[in-house]
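In the numbering used here, the protein residues as written are 141 to 451.
Below: one structure, written as C-alpha cells.
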Amino acid sequence: HIYVLCGEYEKTIASNIEAAAADEKYLEYDSELGIYYVYLLHNIHFQIYGAFFSGQYEPAIRAANQMQTTVRPDYLLSDHPFLVNYLEAFYGMKAHVLIRFGKWEAILDEPLPEDPALFCVTYAVWQYAKGIAHAVLGNLEEALEQQHLLAKAVEALPEDRIVFQNDTRDILAVAGPMLAGELEYRRGNYEPAFAHLRKAVDLYDKLNYSEPWSWMMPPRHALGALLLEQGHVDEATTVYRADLGLDDTLVRPSQHPNNIWGLVGYAECCERSGDVNALEAIRPELEKARMIGDDSINVSCFCRLEHKCCE
141 HIYVLCGEYE KTIASNIEAA AADEKYLEYD SELGIYYVYL LHNIHFQIYG AFFSGQYEPA
201 IRAANQMQTT VRPDYLLSDH PFLVNYLEAF YGMKAHVLIR FGKWEAILDE PLPEDPALFC
261 VTYAVWQYAK GIAHAVLGNL EEALEQQHLL AKAVEALPED RIVFQNDTRD ILAVAGPMLA
321 GELEYRRGNY EPAFAHLRKA VDLYDKLNYS EPWSWMMPPR HALGALLLEQ GHVDEATTVY
381 RADLGLDDTL VRPSQHPNNI WGLVGYAECC ERSGDVNALE AIRPELEKAR MIGDDSINVS
441 CFCRLEHKCC E
C-alpha cells in the first residue's frame, strides 16, 4: 500500500508477487474455500495495479491470467455464497488489462462468459471492453450495440456483488460515460465526448477509498489524451497535474505519482506550451519510468489515434 501511494510501482509488483506466493503456500496446507482466497486475489490485484502504472503489459497480463485460474467456476458454484459476491468481479480483470494496453483485437476475440448470470460483473466488464475496442477501431455500429448491452448488463447486476469497499454497480457506473465519450469522440462530437469523460472522472473520484482503486484505469488518462489530440493543452495540463499529484486537486489515494502514462501526457503538454521549467522538473522521473515501462507508451491512453512520435 505504501509503495503504490509513493509511486514505487516496481516494488508494488515485487512485494505482491512474494505475498501471493506465501498465500499459495498456506493454501497448500489449508485449501478449504474461505475468506483467505480474497487475500490471495488482493495481492494478485495489486500486481496488476503496479504493472498498470509502471506501464508493463507482461506482468499485468500474467497476473490477470493467474487471477482467472484462481477464481475457478467451481468455487463460485460452491455452497459459499459470500465467495461469489467477493470473488466473481476479479475474474474479469483481464478486460481492464487489455484496454489499458490497447489490445483491441484481443478484446474482440475474447469469448463472453458462458454463464452471464453467475459471471454477471465479468459479463458487463467485457461488454464495456468490446464497446471501447469497437469505438477505437471505428466500428461505430458495433460499439453502439455494445453500449446497449452494457447498460442492460449493469442494470441486471445484483446489489451484493462487490470489490472490497465498492458496490460493482457504482464501479461500473464509470463505464457508461467512458464508452459514451469514446463513441461521441469517434463521431467527431468532441465537446459532448469531453463532457462524458469528465463525468467518468467525477464518478471515478467519488468511489469509496480502496487500494487498488476499484476502477482500474484512471479516466483522466483517456480525457487528457483526447484533449491533447484536439489541441486543448491547458485543460490537459490540469488533468495530468491532478493525476500525478502535482497539485492538491485530489485526495492522496486518488493521485498516481510518477506513473508513466501521466508523465508522458504531462511532458507533451509542457513541450507544446513551452513550459521548459516544468518539463525539466519531471524529466528525471519520466526517464526512470521509460526505463521500466513498455517502449510503445508515448501517449496516456491508446484510445488516442494520433500517437505522439517516439523520442
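Even for Gly, the Cβ is constructed at its ideal location relative to N, Cα and C.
Would a check of beta-carbon distances place A320 closer than 8 Å to chain B? Among the protein chains of the structure shown there is no chain B, as only one such chain exists.
Alpha carbons only, please: which of Y268, A293, S194, T389 is nearest the one belonging to E282? Considering only alpha carbons, the answer is Y268.
Mind checking which residues open and close the alpha helix (DSSP H) that includes G405? 400-413
With distance defined between alpha-carbon atoms, name the residue in I184, P256, L284, G385 nearest to A293. P256
Contact check, G402 vs L384, beta carbons under 8 Å: yes
Just checking my contact of G232 with T210 at CB under 8 Å: how many whole Å lie between their CB atoms? Between T210 and G232 the Cβ distance is about 13 Å, and since that is not below 8 Å, they are no contact.
V314 to L347, Cα distance in whole Å? Rounded to whole angstroms, V314 to L347 spans 9 Å at the Cα level.
Using the C-alpha atoms, what's the distance from L312 back to N490? The requested residue 490 is not part of the displayed model; the chain covers only 141 to 451.
What distance in whole Å lies between the Cβ atoms of A161 and I184, which are believed to be in contact at a cut-off of 8 Å? At roughly 11 Å, the Cβ-Cβ gap does not stay under 8 Å, so I184 and A161 are not in contact.
Using a Cβ-Cβ cutoff of less than 6 Å, which residues in the same chain neighbour G242 once the five nearest sequence positions on both sides are dropped? F442
Could you name the residues of the same chain whose beta carbon sits closer than 7 Å to that of G414, not counting the 5 residues immediately before and after it, in chain order? Excluding sequence positions up to five before and after G414, its CB lies less than 7 Å from no other CB in the same chain.
Just how far apart, CA to CA, sit I153 and H372? 34 Å
Give the range of the alpha helix (DSSP H) segment to which Y197 is assigned. 197-210
Residues bridged to N306 by DSSP? V303
Count the other CB atoms within 10 Å of the CB of G433; is the residue buried (16 or more) or exposed (fewer)? Taking every protein chain shown into account, the CB of G433 has 16 or more other CB atoms within 10 angstroms, so this residue is buried.
Do the CB positions of R444 and L366 come within less than 8 Å of each other? yes
Sequence-distant residues of the same chain with beta carbon closer than 6 Å to G405, five excluded per side: Closer than 6 Å at Cβ, skipping near neighbours: G364, Y380, S440.
Measure the C-alpha to C-alpha separation of C449 and S436 and round it to an integer number of angstroms. Residue placement at C449 is poorly supported in this model, since its pLDDT is 45, which falls under 50; the coordinates are not used for a value here.
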